[in-house]
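The structure appears below as structure tokens.
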Amino acid sequence: MLDLVGRSCLITGGSKGIGLAIATRFAQAGAVCTLVARDEQPLRNAVSNLAKCEHQNHRFLVGDVGDRELWERAVKLNPGIDILVNSAGQSQSSLLLRTPVEEIDNLVRVNLLGTIYGTRFYFKEMARLRKGCIINISSILASTGGGGSSVYAASKSGLHGFVKSMAKEASRFNVRINNILPGYIETNMTAAVHSSAKAEALMQTPLGRFGTAAEVADAAYYLATSDFVTGTDLIIDGGYASR
């Protein structure tokens with residue numbers, strides 16, 4: 065179904081993993097996509113592989129989501145965005161006492177501040193147009209926590225309060241905002257997780273497997289097309305949090 069025809073979306077972390085899967089799903093539904101990431105060549109490759117109809121002119125933008133200057137450029141170069149997907153993220157796999165302070169700063173800057181900055185800059189445009197949808201990729205660890213991921217979990221947990229508050233601020237402008245909380249998903253990010261930790265996570269997932277990026281993309285598509293959903297945390301975790 066091409067029910068995103070006429071919609072313009074910007075997706076951070078769009079060159080790989082969950083972000084690319086969401087871009088692929090949205091492009092197939094007719095949206096025009098702008099992908100954002102830090103490295104140019106993966107972005108070029110990603111954009112070249114997106115579905116294209118006559119009206120679709122997909123683009124990319126190189127930059128760091130934790131840098132306010134990126135968002136200033138993004139709004140100038142890509143006005144009229146009505147779907148913002150904050151998917152860029154950085155993972156952690158170290159006990160707090162072994163995590164360098166610089167890494168702590170970067171985790172919070174990318175995972176939390178990057179989402180807040182993006183929302184701040186594009187919400188103004190969406191409020192003016194009186195339409196818009198913002199989707200943040202959080203993590204099930206925001207709810208359950210996890211050893212070796214304390215700062216990551218904290219940075220993602222901050223999105224819960226942010227979305228609850230922003231849903232109240234944004235609704236009068238016909239703008240919706242939601243989080244997706246994926247469990248363990250087969251991506252390059254989870255491939256770096258130690259094998260013993262992955263085995264334990266698999267045992268704690270009732271459906272007995274890890275999810276796919278395409279399944280998270282389906283959840284994002286649902287949020288992009290469901291006009292009565294806002295201020296929610298949508299869990300996609302194979303039952304992991306129910307244990």
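For the sequence shown, the working numbering gives the first residue as 65, with consecutive numbering after it.
C-beta: ideal position from N, C-alpha, C; glycine also.
Judged by DSSP secondary structure, Phe124 falls within the beta strand (DSSP E) whose first and last residues are Arg123 to Val126.
In the three-state DSSP reduction, Pro143 falls in the coil class, being neither helix nor strand.
In terms of Cα proximity to Gly275, the closest of Thr254, Ser79 and Phe226 is Thr254. For Ile201, the closest alpha carbon among the candidates Leu68, Thr98, Tyr181 and Asp297 is that of Asp297.
Annotated three-state conformation of Ile201 is strand, per DSSP. Cβ-Cβ distances below 8 Å link Ser306 to Pro270 in the same chain, with the five nearest sequence neighbours on each side left out; the list follows chain order. Shortest Cα-Cα distance from Ser203 to any of Ala191, Leu193, Ala217 and Cys197 involves Ala217. Residue Val172 holds the alpha-carbon nearest to the alpha-carbon of Gly222 among Met267, Val172, Arg108 and Phe124. Of the residues Glu104, Ala110, Ser219 and Val96, the one whose Cα lies closest to the Cα of Gly81 is Ala110.
Rounded to whole angstroms, the separation of the alpha carbons of Ile199 and Val293 is 11 Å. With contacts defined by Cβ atoms closer than 8 Å, Ala152 and Val174 form a contacting pair.
Beyond the five residues adjoining it in sequence on each side, Ala231 comes within less than 7 Å, by CB distance, of Ile241, Thr294 and Gly295 in the same chain, given in chain order. By the neighbour-count criterion, in which 16 or more other beta carbons inside 10 Å mark a residue as buried, Pro164 falls on the exposed side. Assigned with DSSP and collapsed to three states, Asp282 falls in helix. Taking the Cα of Phe237 as reference, the smallest distance to any Cα among Phe187, Leu159, Tyr181 and Ile299 is reached at Phe187. In this structure, Thr98 keeps its C-beta atom at 8 Å or more from the C-beta atom of Val149.
Under the three-state reduction of DSSP output, Leu271 falls in the coil class, being neither helix nor strand. Listed in chain order, the beta strand (DSSP E) elements of length 3 or more contained wholly in the stretch 191-244 are 196-201. A straight line joining the alpha-carbon of Arg194 with that of Ile147 spans about 12 Å. Of the other Cβ atoms in all chains shown, 16 or more fall within 10 Å of the Cβ of Cys197; this residue is therefore buried. If you look at Asp169, you'll find it in the alpha helix (DSSP H) that goes Val165 to Val172. When secondary structure is reduced to three states using DSSP, Asn150 falls in the strand class.
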